[in-house]
Amino acid sequence: MTHKPRLRIGHGFDLHRLEPGRRLIIGGIELAHDRGCVAHSDGDVLFHAVVDSIFGALGLDDLGSVFPDSDPQWQGAGSGQFVKEAIRQAAQGGYAIGNLDATIVLQRPKVSPYKEQICRNLVSVLGCHRSQVNVKGKTHELVDAIGQGDAISCHVVVLLEEQTIV
Ligand code: CDP
Ligand code: ZN
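Residue numbers for the sequence shown follow my numbering, so the first one is 474 and each next one is one higher.
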């Protein structure tokens with residue numbers, strides 16, 4: 474007999490280099506900054522870490538394997554579409570978001586003025602309630618590449634709950 478857990482925890486991590494002349498997009502929201510992410514896609518570290526946390530909870534492969542650059546189906550896709558696909562796969566497996574907690578590690582700019590906007594957009598993409606999502610900003614205390622403003626990273630943990638059919 475197969476065992477289906479009622480709760481599944483997942484962890485996601487992502488990091489991108491920051492370079493001048495690019496847009497800085499976090500959770501689908503553009504932050505005013507003189508640097509942005511170097512990536513094939515929009516380089517949205519929060520959305521990428523969210524996808525990996527959901528896939529991780531489901532025991533699936535990671536973002537890069539599920540959405541390869543080489544697959545025309547996903548070429549030019551915004552990272553929000555990856556999040557929606559991850560949620561679709563979770564629902565297919567009988568799971569929905571319990572809650573999600575994210576930490577964005579970025580020397581500057583401050584995430585706090587954008588926090589509510591980022592949370593609200595994440596909530597709309599995930600299709601969950603505002604109270605199920607939390608986003609925090611953290612500096613890297615000037616240490617290493619992130620501390621020098623040359624990179625941004627993001628950590629996410631998610632709890633998926635078995636959906637009860639009523
Ligand atoms: O004081 P502590 O070392 O815990 O945190 P910090 O990295 O110095 O950041 C201080 C506060 O600034 C955090 O608690 C966040 O609320 C905010 N912060 C932010 O909004 N955006 C960042 N990129 C970094 C920090
Ligand atoms: Zn990424």
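Yeah, the Cβ is synthetic: ideal placement off N, Cα and C, and Gly gets one too.
With respect to the C-alpha of A575, the residue from G483, L480, K609 having the closest C-alpha is K609. By the C-beta density criterion, L599 is buried, having at least 16 other C-beta atoms within 10 angstroms.
Between the C-alpha atoms of A564 and R496 there is a straight-line separation of about 32 Å.
Taking a contact to require three or more Cβ pairs closer than 8 Å, the segment 550–566 and the segment 513–532 qualify as touching.
Within 7 Å of the C-beta of V518 there is at least one heavy atom belonging to the ligand ZN. Y568 sits close to R481, with the two beta carbons spaced by under 8 Å.
Looking from the CA of G532, the closest CA among A550, G516, G501, P478 belongs to P478.
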